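The block underneath contains the structure these notes are about, expressed in structure tokens.
There are 2 protein chains.
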Amino acid sequence: MSHKITALTVRDVRFPTSVEQHGSDAMVRSASVLCSVRLCRHTDPDYSAAYVVIHTACGLKGFGFTFTLGKGTQIVVCAVEAVATLVVGKSLQEIVSDFRGFYRLLTSDGQMRWLGPEKGVIQLAVAAVLNAVWDLWARAEGKPLWKLLVDMDPRQLASCIDFRYITDALTEEEAVDMIVKAQEGKQQREDQMLKEGYPAYTTSCAWLGYPDQLLRQLCTDALKSGWTRFKVKVGGDLEDDVRRCRLIRQMIGPENTLMIDANQRWGVAEAISWVSRLAEFKPLWIEEPTSPDDILGHAAISKCHSRVMFKQFLQASALQFVQIDGCRVGSVNENLAVLLMAHKFQVPVCPHAGGVGLCELVQHLILFDYISVSGSLSNRMCEYVDHLHEHFTSPVVIRDAHYMPPKDPGFSCEMLESSVQRHQYPEGEVWKLNISK
Amino acid sequence: MSHKITALTVRDVRFPTSVEQHGSDAMVRSASVLCSVRLCRHTDPDYSAAYVVIHTACGLKGFGFTFTLGKGTQIVVCAVEAVATLVVGKSLQEIVSDFRGFYRLLTSDGQMRWLGPEKGVIQLAVAAVLNAVWDLWARAEGKPLWKLLVDMDPRQLASCIDFRYITDALTEEEAVDMIVKAQEGKQQREDQMLKEGYPAYTTSCAWLGYPDQLLRQLCTDALKSGWTRFKVKVGGDLEDDVRRCRLIRQMIGPENTLMIDANQRWGVAEAISWVSRLAEFKPLWIEEPTSPDDILGHAAISKCHSRVMFKQFLQASALQFVQIDGCRVGSVNENLAVLLMAHKFQVPVCPHAGGVGLCELVQHLILFDYISVSGSLSNRMCEYVDHLHEHFTSPVVIRDAHYMPPKDPGFSCEMLESSVQRHQYPEGEVWKLNISK
């Protein structure tokens, strides 16, 4: 069967997370959403997705999306529509038999490369489309994405990666060698994952806007549910941060793990002085202390928009943890390059998640990393945020603070059609009610 | 008068430069356009602009644009429409009295910052809007933009710059000091510019696709017109590059200046080996040898998308020349930061130009740099490409290979309304005729 792609549709789906804060039952969840982004000056954080469906001649569909915020979605939708013209008419077989070529076609289109290259809106649009292609491929093979990757021949895996601009850090031959070497013990690791799952940490306990009482309550609940790793948002007010970090460290005790996240709040000097005040609470890492483009200014960890940026952060020893993202870099193809480079530089990968569906996506990548690349769980964990999972057909399953490997075929990208219709902007029911938007 | 902004319109204006190659008279000019971008894999290079007009209550208008390619324009237009909502209703006075705040409002909008920050489509859209604001301001003052900047109080100049993320390289106090120090000799430099103009170099002689015969002819003509500095496109085929560089070096002699431009063609190792073969022709610089994001991989020069990237290239001594751009960074505000940092690091600024209207824009910035910041012409020159000037109401004036300072009020952004209407996509006359597009 050829799986010829006959159409690619994209919809603007927005969840009114900045409006719901005025609700009552939804108070806690919405406040968490609100506070998570306020520090980034995301004052109106309607968590959103540019949601892609690929249609094929045989009826099989692929689903994909990228995570955005509110009115930014319409810009990404416009970019996806432009990228779509490069996809429709091709067959899945044609694409995956030269996936590197297809990746380059999308990231190097003559008229759109100028808008990046490989960054910002264009990269988000390419990620949404490629996520749908990978979902389609996994569905065609009847496997969850992580399993498709784990079972794939090392040469074919490497052939999905565009090594342009990174061969000074990682060549194709090195990549193949690394994957071949990691075959040892693969089956045991896969069995282990299916039984125990992949360790997660929670960001749902300590958003910036929470009163101390709520923070205490959430920590108590989380400890009872088996959570041992906690991330705290900081960067609003220093004395406030000191008090909150002290409280949480007291709650979770010295053995559990604490991370802090400043959401790009500081300049370089400010970051250094601020963080030294918080050092007594022994954070494992400081996330996004400054501009995400500032390689030389970084002393810690960062999210990056492409393999070229990740390469330099690694080369410059400017990060101690790599946070991959399912929507911000060029989908699975580019994440493969980042996972392999991180392994070469022996830096642990701890995926970024949250938003809309980011947990659903990255669980596949981190399972693949453990089973087929790094083979290690040391200093590794995957972020977990507890919201918006109810809109997905195959939501993540967390058990004892671990991600349990998904079993449904695909990349876990599909949303409930009823959720999509209700939240489509501006015509969906949710938005008709929120006329103030 | 309050200059209250009542509307902001944006139009998708495309010049069919990839189609015109089939014309006859236009052959040479169109071939030049075509070849300039082919190496970037811009195979369908319709030079385009997202063209902005700001309307005010008193009837004064501000014009601005950003340079794009073909279908990429519709994505930028969509982004400009989103940014416009932040501008309409404000007055010019309100904006310029806190220009840093306004810059941050545009670059840090909660729902759009996620799409960058400060890069790609969003940054291009912000640049188009800010270019129009600066044009409006200069018109309101009845001065060309360079003169508005030259006459501005040092503190007010510095107050237009967002120092966030760059204070480890340049603080506001340092910036003010530098501008104050450079006041000495300012009047003489301004007089000199008005008399002699700012030195330019030409990129119009040696596009990659030119046959040797044409190349010889164009070099001969340019030498006769007083040109002494020439840029050659390379990166297609090494033996071809060697032959063409040898030919041009022979034509222009050992005293004149040669630069080469690889348009992001190579990986790092490839760049080093390729460039060493061309070293015998003594190029002054090698432009864009690799990915524009690769700071550590750069051994030469680069165009960057923000002050955060420029800062690091300077800190890492990864470039020997800074190429500013009128559309790719955040307009005048961010270019001021880059000019000041370049001066602090003692790296000469040689603006990037060409495209649509880039020459018209950067001439203002480089005049300001000479008169009010660097005070030096050593190793400095501004790129010149000879096309599409006929569509502007105040096109650049070149005399003896020098840019003559513009005298009309504004930022030279305004296009002829007839040109805009003819080239508007898809409804303009030019596009109706080119139905194949």
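Sequence order for the protein chains is A and B.
The opening residue of the first sequence carries number 2 in the working numbering; numbering runs sequentially from there.
The opening residue of the second sequence carries number 2 in the working numbering; numbering runs sequentially from there.
Note that the Cβ used here is the ideal one computed from N, Cα and C, for glycine as well.
Given the structure is predicted, the values throughout are model-derived calculations rather than measurements.
Chain A residues whose Cβ lies nearer than 9 Å to that of residue i
i: Ala-83 of chain B; result: Lys-72, Gly-73, Gln-75, Ile-76
i: Thr-69 of chain B; result: Gln-112, Trp-115, Leu-116
Spatial neighbours of residue i in its chain, beta-carbon cut-off 6 Å, leaving aside the 5 residues before and after
i: Glu-415 of chain B; result: Phe-64, Thr-394
i: Phe-164 of chain B; result: Glu-173
i: Gly-411 of chain B; result: Asp-136, Ala-139, Arg-140
i: Ser-92 of chain A; result: Ser-3, His-4, Lys-5
i: Ala-176 of chain B; result: Ala-159, Leu-341
i: Leu-149 of chain B; result: Ala-139, Glu-142
i: Ala-343 of chain A; result: Val-323, Val-350
Under 8 Å by beta carbon: chain B residues contacting residue i
i: Thr-229 of chain A; result: What Thr-229 of chain A touches in chain B: nothing, since even the nearest Cβ is about 30 Å away.
i: Pro-46 of chain A; result: Gly-111, Gln-112
Test item: CB-CB of residue i and residue j under 9 Å
i: Gly-429 of chain B; j: His-392 of chain B; result: no
i: Gly-331 of chain B; j: Thr-108 of chain B; result: yes
i: Val-162 of chain A; j: Leu-337 of chain A; result: Per the sequence presented here, residue 162 of chain A reads as Ile, with Val not at that position. Closer than 9 Å, so yes.
i: Thr-10 of chain A; j: Val-53 of chain A; result: yes
i: Leu-366 of chain A; j: Trp-147 of chain A; result: yes
i: Trp-260 of chain B; j: Val-243 of chain B; result: First, the amino acid is wrong: residue 260 of chain B is Met here, not Trp. Cβ distance not < 9 Å, so Met-260 of chain B and Val-243 of chain B don't count as in contact.
i: Val-398 of chain A; j: Cys-383 of chain A; result: no
i: Leu-87 of chain B; j: Asp-110 of chain B; result: yes
i: Leu-224 of chain A; j: Tyr-211 of chain A; result: no
i: Asp-401 of chain B; j: Gly-254 of chain B; result: no
i: Pro-200 of chain A; j: Arg-381 of chain A; result: yes
i: Gly-355 of chain A; j: Thr-204 of chain A; result: yes
i: Val-341 of chain A; j: Met-179 of chain A; result: Looking at the sequence itself, residue 341 of chain A is Leu, so the reference to Val does not match. Yes.
i: Pro-406 of chain B; j: Met-194 of chain B; result: yes
i: Ala-128 of chain B; j: Arg-329 of chain B; result: yes
i: Val-134 of chain B; j: Lys-187 of chain B; result: no
i: Gly-327 of chain B; j: Glu-289 of chain B; result: no
i: Val-374 of chain A; j: Ala-183 of chain A; result: yes
i: Gly-121 of chain B; j: Gly-90 of chain A; result: no
Under 7 Å by beta carbon: chain A residues contacting residue i
i: Leu-341 of chain B; result: By Cβ distance, chain A contributes nothing, its closest Cβ being about 16 Å from Leu-341 of chain B, past 7 Å.
i: Asp-326 of chain B; result: Correct list: empty, because the minimum Cβ distance to chain A is about 12 Å.
Contacting residues, own chain, Cβ-Cβ under 7 Å from residue i (five flanking each side not counted)
i: Lys-72 of chain B; result: none
i: Val-97 of chain B; result: Trp-138
i: Asp-409 of chain B; result: Pro-145, Ser-395
i: Val-431 of chain A; result: Pro-17, Arg-423, His-424
i: Gly-117 of chain A; result: Ile-123, Gln-124
i: Val-29 of chain B; result: Because Val-29 of chain B sits at a pLDDT of 31, beneath the cut-off of 50, its placement in the model cannot be relied upon, and the point is left open.
i: Leu-215 of chain B; result: none
i: Leu-106 of chain A; result: Leu-87
i: Arg-190 of chain B; result: Tyr-371, Ile-372, Gly-376
Partners in chain B for residue i, counting only beta-carbon separations shorter than 9 Å
i: Ala-50 of chain A; result: In chain order: nothing, as chain B lies at least about 12 Å away.
Under 7 Å from the C-beta of residue i: neighbouring residues of chain B
i: Cys-79 of chain A; result: Gln-75, Ile-76, Cys-79
Cβ shell of residue i (< 8 Å), same chain only, five flanking positions each side left out
i: Ser-49 of chain A; result: Asp-13, Val-14, Arg-15, Phe-16, Phe-68, Thr-69, Leu-70, Gly-71, Gly-73, Thr-74, Val-357, Tyr-426
i: Glu-197 of chain B; result: His-403
i: Ala-126 of chain A; result: Ala-51, Thr-67, Val-77, Ala-80, Val-81, Ala-83, Val-84
Near the ligand MN: residue i beta-carbon under 8 Å from a heavy atom
i: Gln-425 of chain B; result: The ligand content of the structure shown is nil, which means the ligand MN is not present either.
Point to revise | Residues in the region 98-129 of chain A having any Cβ partner in chain E nearer than 9 Å | key: Among the protein chains of the structure shown, namely A and B, there is no chain E.
Point to revise | At least 3 beta-carbon pairs within less than 8 Å: the region 239-247 of chain A vs the region 272-285 of chain A | key: yes
Check your understanding: At what residue ranges does the region 323-392 of chain A contain a whole run of the alpha helix (DSSP H), taking only runs of 4 or more?
Key -> 332-345, 359-369
Point to revise | Uninterrupted alpha helix (DSSP H) stretches inside the region 144-221 of chain B (no shorter than 4 residues) | key: 146-152, 155-159, 173-182, 187-197
**Study point:** Entirely enclosed alpha helix (DSSP H) segments - the region 36-99 of chain B, minimum 4 residues
**Key:** 73-85, 93-98
Practice item. Run through the region 227-273 of chain B for me and flag every whole alpha helix (DSSP H) of 4 or more residues, listed as ranges in chain order. Key: 239-253
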